[in-house]
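Per our numbering, numbering through the sequence shown is continuous, rising by one, with the last residue being 498.
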Amino acid sequence: MSRQLCIGIHDLTPSWKCLLEQIGVWFEEINYQKELFTSYSVIILNRQAEKEHSQQLSAYLQLGGGLLETGDAHTFFSRSSTEYSFRSSLFNTSDHPAFQHIRGVDLHTKVNLHHDQSLFGGLIHITELNGGYAAHFGCEAAALMQNAHYIRKRFFNPSGGNPDELVSAVSKEELSELVIAVLRELHFKQTLPFVCKWHSPRKQAVFSFRIDSDYGTPKSMDNILEQARNYELSLSWFMHVKAHEDWLEHFKDWDDQEIALHGYKHGTSTSYDSVIKNIGEAHNLLLTNGFNSEGYCAPYGIWNKALKEAISEFKFCYSSEFTFVYDGLPLGHAKAGLPLQLPVHPICTGSLRRQQVSEKDMASYFEYVFNNKCSRFKPVSMYHHPMQPGLSAVEHLFKLSRDHDLTNLTFQEYARFWRKRNTTTSKLSFEDDTIHIQSRQLSSNLFLQVSTSHTTFDLVPVSKKEYPLTDSPEFEYSLPYLPSIEEMKHMKKRNLSLLKTTLLDWKNRIRL
């Protein structure tokens, strides 16, 4: 029997559209006029189903289908089997192969926990049900991916001295990874492959590097440029325009680099008028000097209501604020008209210096982060400031990128690739151990990631018409080095030291 490898979702909200686009699966809102079992490999029930639809979904399960019930949908998992409770973080105490690469997830919200607490304290529960397979996911993941609340968090450093930064309260990379892991598991239980769009134009993952130019001098910026060119890397330079206003011509021969926008003044505000003036003034000065910037990142990484309203007035194709999202894959906004978010790892040499970390140990920290991302074939995106110490640690990161042959893209190039990825749809069907592929765009730099286990995968060009499954996939994950649950819990304590840092940061922050 031929089955389409399409994710059907009961209510395709803008936030779910953004999450499913990020994951890269073929998806659509469920058409209940279709034969559900052959049309959908997994169904996401994100709202309680009406009686008529419940009967169709029951029949889908009886045929052996896979169903993911989220939040408070309560159609197949009874209210008596779950309980609501506020959780800041949940941890993985199981050895389930689907989740071995995820130690925990930060949610900071009320969640619906299943009484079987073996997977993330009951956030997730997977079981056979009525002849098929059903998963409980105890929060509205897509809505949390759009949550803009931020707090100060510590990040694990194996050498000691855990750095901290103001970032998104929800750990959106881990939350997205949990959704992917559950979708994979539901496919594998049906002996179906899990297929999604790859996140790089090459088989090698993306390496991008951002410079926030904050008060940088010509010499400090040239030193970074020299190192980048030594490794044939193109970086994205986010300009604090007022600091360089008198010497913007200095950047005119930087044709191999991206010049982007950080603002005229290096400051933040909750005032729409102040924010739009700061962006507009910088944008106009760069244009006058021949730089047409497509990207923006906010000073201090702060995403707030004023910025959300102001940035929609400009035609940026991306922005990058780690108080909205850090680490992981690019993420769209549910609100129309907002640019794509390109996340970075939020710890820089300045964050490490505050913990008295030596320059040698800075390099070790970056290598730890780099290796963890490479163990899962994830994009590596990090940043630096010209006036901060640690250039040798940054150079070490550049060398790692070259040695691993990662795909160097500027943020602008990555955003353009991602836009192309989002607009390319591959219709997939599976029969007789063969995936049949129908793609509208036969691009040479778009791949499909095909998984039949939680440990291996293959990459298949979208231009390929058929792909017979193989017993020897080309790529194999290695387990990242993760902190223990005890170390995680220790890091997440909201003690006086973290509060003091937060207050000092707030006090010293420049206001527009």
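For every residue, glycine included, the Cβ atom is placed at its ideal position computed from N, Cα and C.
Owing to the predicted nature of the structure, the values given are computational and were not obtained by experimental measurement.
Determine the direct distance from the alpha carbon of residue j to that of residue i, and round the result to whole angstroms.
i: N275; j: N408; result: 33 angstroms
i: V156; j: G107; result: 17 angstroms
i: H371; j: T203; result: 11 angstroms
i: V355; j: L22; result: 42 angstroms
i: I333; j: H87; result: 21 angstroms
i: N494; j: G323; result: 32 angstroms
i: I137; j: L152; result: 5 angstroms
i: F461; j: D444; result: 6 angstroms
i: S255; j: L273; result: 24 angstroms
i: T396; j: P144; result: 29 angstroms
i: N133; j: D418; result: 42 angstroms
i: L455; j: N290; result: 46 angstroms
i: Q243; j: V192; result: 16 angstroms
i: M348; j: A214; result: 18 angstroms
i: L485; j: E171; result: 40 angstroms
i: F433; j: H476; result: 40 angstroms
i: K321; j: A129; result: 12 angstroms
i: S220; j: S337; result: 24 angstroms
i: S367; j: S67; result: 41 angstroms
i: S1; j: E126; result: 10 angstroms
i: N116; j: G249; result: 57 angstroms
i: E235; j: A246; result: 15 angstroms
i: L169; j: E114; result: 15 angstroms
i: K238; j: S378; result: 26 angstroms
i: E231; j: N270; result: 12 angstroms
i: I297; j: L47; result: 45 angstroms
i: T56; j: I112; result: 12 angstroms
Can you list, in chain order, the residues of its chain whose CB lies under 7 angstroms from that of residue i, leaving out five sequence neighbours each side?
i: H173; result: S27, V28, G52, P179, F180
i: D92; result: S74, S75, A155, V156, S157
i: N358; result: P466, Y467
i: E299; result: I262
i: H390; result: C360
i: E381; result: Q213
According to DSSP, is residue i part of a helix, a strand, or is it coil?
i: P375; result: coil
i: K183; result: strand
i: P454; result: strand
i: H94; result: strand
i: V448; result: coil
i: S367; result: strand
i: M(-13); result: coil
i: K139; result: strand
i: R33; result: coil
i: S429; result: coil
i: W223; result: strand
i: A119; result: Sequence inspection shows Tyr at residue 119; the Ala mentioned does not correspond to that position. Three-state DSSP puts Y119 in a strand.
i: E399; result: helix
i: K486; result: helix
i: V355; result: helix
i: K478; result: coil
i: L271; result: helix
i: V192; result: strand
i: K20; result: coil
i: E218; result: coil
i: Q213; result: helix
i: E460; result: coil
i: R497; result: strand
Taking residue i and residue j to be in contact with their CB atoms under 8 angstroms, please state how far apart those CB atoms are, rounded to whole angstroms.
i: S(-12); j: S412; result: Rounded, the Cβ-Cβ distance is 16 angstroms, inconsistent with contact.
i: G124; j: L109; result: 5 angstroms
i: K385; j: Y217; result: 7 angstroms
i: L99; j: M131; result: Not really, about 20 angstroms apart at Cβ, beyond 8 angstroms.
i: L5; j: V165; result: 7 angstroms
i: G147; j: Q342; result: 6 angstroms
i: F302; j: G281; result: 6 angstroms
i: P187; j: T393; result: 6 angstroms
Please return the same chain residues whose Cβ sits closer than 8 angstroms to the Cβ of residue i, not counting the five positions on each side in sequence.
i: H252; result: D200, Y201, H226, K228, A229, P285, I496
i: T420; result: E452, Y453, P454, L455
i: T487; result: R138, D150, R340
Once you ignore the five residues that flank residue i on each side, which residues in its own chain have a CB closer than 6 angstroms to its CB?
i: F77; result: G90, I471
i: L315; result: Q8, H185
i: D313; result: E159, P329, H331
i: E163; result: I88
i: L317; result: Q8, V311, Q327
i: I16; result: G(-6), H(-4)
i: K183; result: G10, R407
i: F224; result: D198, A246, H248, C283
Look up residue i in the DSSP assignment and give the residues it is bridged to.
i: V305; result: The question names Val, yet the displayed sequence has Ser at residue 305. Paired residue(s): Y282, Q327.
i: H100; result: T68
i: A246; result: F224
i: D198; result: F224
i: K526; result: Because the chain is modelled from -13 through 498, residue 526 falls outside the range shown and cannot be assessed.
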